[in-house]
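Report on the structure given below.
Residue numbers (the working numbering), protein chains in the order written: chain L, 535 to 870; chain C, 535 to 870; chain X, 535 to 870; chain Y, 535 to 870.
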């Protein structure tokens with residue numbers, strides 16, 4: 535940590551800051567410059583809360599070198615984390631996986647048809663929302679536990695492990711009783727209670743990046759889960775909110791190589807929510823794999839025109855089959 | 535709702551869309567143009583989910599005229615809602631209120647000192663966080679129920695009604711047992727379970743705008759609360775996330791007149807979180823009042839340099855006293 | 535400047551960086567920490583280009599303490615700059631001014647009617663576009679020199695100094711021949727050739743903030759003008775581009791107190807372009823003045839419904855008269 | 535175009551709007567709904583300026599179906615445009631090209647070494663800045679005409695066509711006298727005078743997307759060039775400005791398939807400026823090609839640690855060679 539003093543800071547003020555730092559058990563080192571003095575803070579292990587220093591007279595700025603996360607960092611855990619789910623492995627060095635299925639579970643026929651089709655086309659996991667976060671209260675909110683039962687039935691029929699969203703800490707146990715991977719959605723990325731609760735179970739968690747979360751905040755959210763003892767976290771980029779309105783969100787593919795550098799956790803990409811448009815899903819899915827993503831998550835619906843949510847961004851079954859043929863070639867090309 | 539067809543759409547495609555609309559119990563009206571045809575949808579009461587239509591062949595775009603909220607809208611409730619809290623009134627035509635206090639309740643001395651000081655200076659409500667949302671898991675997370683007890687003690691001493699954040703639906707009852715106004719924070723603006731739960735109690739709710747929430751999403755979030763039967767909602771602008779890094783967030787003061795036009799709910803402004811810098815709080819607080827805000831919420835700490843959170847944006851007690859003298863003049867000027 | 539080394543940086547790498555810094559004529563000071571070493575760079579006068587250092591092996595990050603601007607900074611010029619234009623003064627301690635007029639000069643009648651009306655209502659300067667930047671090539675692009683002549687005529691009739699935009703360095707001389715203040719528009723904030731050219735004339739320049747310009751970039755753009763010898767620069771906040779679509783741009787009023795702290799140049803606010811909606815102009819104009827702006831710039835049109843550009847955000851003449859009555863009260867209240 | 539009337543609009547107001555539309559030579563068609571009336575506007579060829587209508591009493595909103603560009607649109611020019619530059623072809627169905635070279639031309643040795651190396655590695659065009667846009671006035675601004683001469687020399691030695699930025703309309707002729715492709719930079723994307731001027735020459739133009747330009751504005755900027763008679767425009771995505779600070783900009787790869795759908799012009803990607811970090815360039819370059827880009831533009835410097843600008847994002851020569859081996863495989867994979 536570096537404390538930058540104002541040009542007009544007095545020696546007394548500098549001394550007071552240094553004394554305060556040392557009182558925290560850290561070492562303060564004065565760095566006099568031609569225009570101003572800075573104070574280097576040494577000896578801290580990880581993140582130091584700067585609040586007791588920031589308001590000292592004469593302090594201009596505080597620059598953190600350390601980060602608000604630790605266990606998710608590659609510095610502290612250099613080897614990649616591999617998530618294992620009933621025979622599927624996700625992470626560095628493994629063949630990228632495909633998670634596919636409808637935005638929402640709507641009925642038995644819809645989820646079974648989709649499950650069989652995505653399994654046949656080569657998907658490794660089945661997704662489907664039972665609890666749905668919706669902007670307004672008057673739209674379809676999901677089948678809830680009934681939806682989880684249908685997902686479990688689809689798993690039984692196809693053998694595909696299932697991924698479904700949990701929206702509240704109260705439901706973590708319920709959802710974990712049915713699914714293989716619990717998803718924490720973008721709107722809940724900073725629902726810290728929920729993060730802690732999924733940190734206490736022993737099932738993998740798929741954590742989506744918040745709509746306006748920085749990479750640092752994304753990793754700090756994952757840290758909440760790891761800090762509770764669950765290190766099976768899959769990160770998922772799903773587009774960020776920007777000024778551009780041509781797409782639902784702006785897919786920020788650069789996070790893939792950045793996350794791989796900063797963290798040992800797997801990072802996958804959801805091009806369906808990122809773009810919001812069916813025809814943009816295949817090019818972005820393929821681009822994600824080439825950028826190094828450990829998997830993709832795509833929405834598939836047997837009849838998107840009748841979908842109760844996210845129809846415009848859902849692939850049809852033939853569309854998904856075509857994508858899987860293409861991603862198979864990409865995986866071959868990448869050597870998996 | 536208007537359905538815009540592709541230039542190349544066939545008469546058969548147009549017919550199919552119109553038939554589908556009518557099957558929904560609505561009226562379809564063809565609008566042939568020189569370049570393309572559009573289909574007007576009439577007869578809908580409120581928002582129509584367009585998902586069953588968007589994927590019909592030949593459909594280019596769907597334009598909604600209606601909104602995802604209804605009960606929060608001035609169209610449906612033209613008279614302003616006035617929130618009444620133990621003798622304080624918040625809303626159109628009432629003198630703007632000041633909610634003041636520390637970011638977090640830290641100890642008995644701190645909250646009592648602050649409560650007495652802000653009361654003496656003219657604040658109408660006391661704020662203080664007992665459950666604190668923090669980016670990383672290793673920083674101070676609040677005193678929890680102990681903090682609520684201290685707030686209740688401060689209310690007993692000063693008579694100030696208290697506002698405190700509830701972060702999870704499980705805690706709504708607990709928090710409501712202590713406080714006069716439940717705050718739903720920016721990170722939880724789309725925690726729909728929490729919104730529904732605070733919709734079921736009979737206490738006012740202060741709903742903060744999410745970091746990247748549009749005004750439409752903000753109002754739709756409030757609609758969740760009203761839809762459950764609780765119409766005592768105070769909206770609060772607290773800055774949005776933009777590319778600018780000179781401030782913690784970018785205060786979007788224009789929402790004040792916009793919300794007043796669109797909704798009957800009161801709208802207040804939090805310049806502390808919006809700017810993140812103490813010296814920017816007074817000019818932005820005063821600007822908010824002149825822009826028409828029904829109140830301001832500011833962070834005050836007796837010793838900001840020792841604050842466990844948000845010290846840099848907290849006013850000192852003398853700083854708050856000065857602000858209150860200035861806002862008193864503004865209120866006089868505005869005729870309150 | 536502080537150079538942060540990687541944890542794994544070797545002593546040799548640290549030595550090489552320090553040698554390179556000293557070769558630049560600066561002093562390098564090693565700051566060994568428990569986790570990594572940092573190198574303080576001393577002796578630089580102003581901004582040091584870090585490019586020759588950033589790529590040295592072992593360098594993790596470089597943190598600048600200095601800024602890309604100097605002459606616009608209050609550090610180097612503590613007293614406020616007052617811009618004087620034919621009897622009008624703009625800047626700290628002066629009564630805030632109002633610049634009013636149509637987006638574009640359309641014809642003699644329109645500009646004369648507007649000029650007389652805004653003069654009568656109390657405006658101090660007349661604005662009007664003769665060269666218009668437009669998103670697409672098929673919309674009205676301004677009357678060009680003919681527009682400047684009409685503005686000059688309006689000045690002759692009313693005595694109001696005139697402000698008009700110059701879009702290209704080639705036209706600086708032409709525009710300067712007619713107007714009292716040259717405006718550089720938001721889209722040209724980083725048209726460096728144009729900035730240099732208006733830096734060479736001896737007339738005031740009104741520099742608008744770019745749509746996605748940080749405050750640092752805004753001040754650095756002004757520095758281009760001052761660096762050429764013209765210190766008569768008026769800064770103008772006009773809204774930034776964000777995800778919010780309810781307004782044309784998001785008015786970032788916090789820049790007013792920030793700019794006043796960082797720079798000696800006057801800062802005014804344009805609520806018309808910021809909001810894009812007529813009914814939002816008065817509350818935002820008043821809020822700007824209370825936030826400390828040295829003036830406002832508003833669009834006024836005698837018949838906004840017939841305006842060739844920006845009609846929806848233009849005040850009518852009665853609307854402007856009402857605003858001026860209100861801002862007069864605000865100025866009285868502020869003690870001007 | 536659709537004109538949406540207020541719920542409270544009177545028949546007289548509706549009639550007045552319809553009359554105004556017909557006076558513009560268009561056909562107005564009333565669409566009465568259960569809540570409000572809309573008016574369809576037919577007969578317009580391309581974009582209609584709505585300004586004369588938006589302010590009529592009773593008008594709530596105007597929805598455009600048409601776009602502010604025409605000649606760049608695939609609707610009007612379905613076949614892809616292929617840009618031909620001394621034996622190189624850029625566009626749909628052609629093998630993606632690589633434009634490589636230093637950010638800025640610094641001296642003869644640097645540009646010749648780079649030119650030979652990128653030629654040997656497989657680049658098809660050489661880039662190099664002679665006129666450099668820089669945030670602040672005190673950093674290296676380019677060698678200007680001397681830089682262009684060195685680029686021409688490099689072309690003579692290697693046969694590589696050259697691309698260089700032109701920053702002002704005054705210099706278009708000068709730059710066009712040396713280079714094969716004129717680049718218009720991101721900061722000048724809405725420098726309309728410059729756009730018109732490069733529209734008047736008969737050389738290809740590489741137009742970079744502005745930092746906060748929507749896709750619609752990007753295409754409208756290209757329209758300025760085509761409208762002057764120059765249809766040889768190469769579009770270039772180079773990252774947009776968002777809240778994320780981990781990268782210099784946020785690369786918005788989705789524009790590649792979107793632009794290919796909307797326009798016949800080629801679209802290439804610059805991962806160097808988008809990410810600002812050398813190690814992110816290869817994954818993003820490869821992702822861009824798989825997403826369908828017609829080419830990539832990357833910065834290469836023989837000694838990035840000594841580069842006068844953009845060193846951190848420049849590939850070394852061995853780094854570029856490695857990238858070219860990888861992109862060669864990608865191109866084989868894609869069937870080129």
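Don't be surprised by glycine CBs; every beta carbon is placed ideally from N, CA and C.
CA-CA distance, residue 544(X) to residue 816(Y), rounds to 27 Å. In this structure, residue 781(C) lies near residue 788(X), with their beta-carbon atoms less than 8 Å apart. Put simply, the CB of residue 791(Y) is near chain L, with a gap under 8 Å to one of its CB atoms. Cα atoms of residue 621(C) and residue 714(C): separation of roughly 12 Å, rounded to the nearest angstrom. When 802(L), 749(L), 801(L) and 648(L) are compared, the shortest CA-CA separation from residue 779(Y) is found for 749(L).
Runs of the alpha helix (DSSP H) spanning 4 or more residues and lying entirely within the segment 683-714 of chain X occur at 706-712, in chain order. If you check each beta-carbon in the segment 735-760 of chain C against every beta-carbon of chain Y, none falls closer than 7 Å. Scanning the segment 740-805 of chain C from its first residue to its last, the whole beta strand (DSSP E) runs of 3-plus residues come out as 767-771 and 801-803. Distance from the CA atom of residue 741(L) to the CA atom of residue 756(L), rounded to whole angstroms, is 7 Å. Between the C-alpha atoms of residue 737(C) and residue 768(C) there is a straight-line separation of about 11 Å. Sequence-ordered contacts of the segment 773-785 of chain C with chain Y read 775, 776, 777 and 779 [C-beta pairs closer than 8 Å]. With contacts defined by Cβ atoms closer than 8 Å, residue 734(L) and residue 764(L) form a contacting pair.
Residue pairing by DSSP puts residue 619(C) in a beta bridge opposite 622(C). Around the CB of residue 591(Y), fewer than 16 other CB atoms lie within 10 Å, so the residue is classed as exposed. In the displayed model, residue 639(L) falls within coil according to three-state DSSP, outside both helix and strand. Below 8 Å, too few C-beta pairs join the segment 796-810 of chain X and the segment 835-842 of chain X to call them touching: fewer than three.
Nearest in C-alpha terms to residue 611(Y), of all of 720(Y), 655(Y) and 794(Y), is 794(Y).
A buried status is given to residue 773(Y), since no fewer than 16 other beta-carbon atoms sit within 10 Å of its beta-carbon.
Where residue 831(L) is concerned, the enclosing beta strand (DSSP E) starts and stops at 829-833. In chain order, 638, 675 and 676 place their CB closer than 6 Å to the CB of residue 666(C), counting only its own chain and leaving out the 5 sequence neighbours on each side. Residue 593(Y): not part of any alpha helix (DSSP H); member of the beta strand (DSSP E) spanning 593-597, first to last residue.
With the criterion set as a beta carbon lying under 7 Å from some beta carbon of chain C, the members of the segment 601-628 of chain L are 602 and 603, in sequence order. Boundaries around residue 818(X) are those of the alpha helix (DSSP H), 815-824, since no beta strand (DSSP E) includes it. Across the structure, residue 843(L) and residue 859(L) are spaced so that their CA atoms are roughly 26 Å apart. Around residue 589(X), the beta-carbon contacts reaching into chain Y at under 7 Å are 838, 839, 845 and 846. Taking 8 Å as the threshold, the shortest C-beta distance from residue 559(L) to chain X does not fall below it. With contacts defined as CB atoms closer than 8 Å, residue 691(C) and residue 659(C) fail to qualify as a contacting pair. Those residues of the segment 647-667 of chain Y placed with their C-beta closer than 7 Å to a C-beta in chain X are 667, ordered along the chain. Listed along chain C, the residues sitting closer than 9 Å to residue 565(Y) by beta-carbon distance are 536, 563, 565, 572, 574 and 576.
Counted as a single uninterrupted DSSP element, the stretch harbouring residue 612(C) is not any alpha helix (DSSP H), since DSSP gives it neither H nor E. Its chain contains 547, 548, 551, 570, 571, 572, 573, 592, 593 and 594 as the residues whose beta carbon lies nearer than 8 Å to that of residue 539(X), once the 5 sequence neighbours on both sides are disregarded; these appear in chain order. Contact residues of the segment 802-813 of chain C toward chain X are 808, 809 and 813 (C-beta to C-beta distance below 8 Å). DSSP lists 572(C) as the beta-bridge partner residues of residue 565(C).
Listed in chain order, the non-local C-beta contacts of residue 846(Y) below 7 Å within the same chain comprise 810, 811 and 812, local neighbours out to five positions each way being set aside. Here residue 539(L) carries a strand assignment [DSSP, helix/strand/coil].
Assigned with DSSP and collapsed to three states, residue 855(C) falls in helix.
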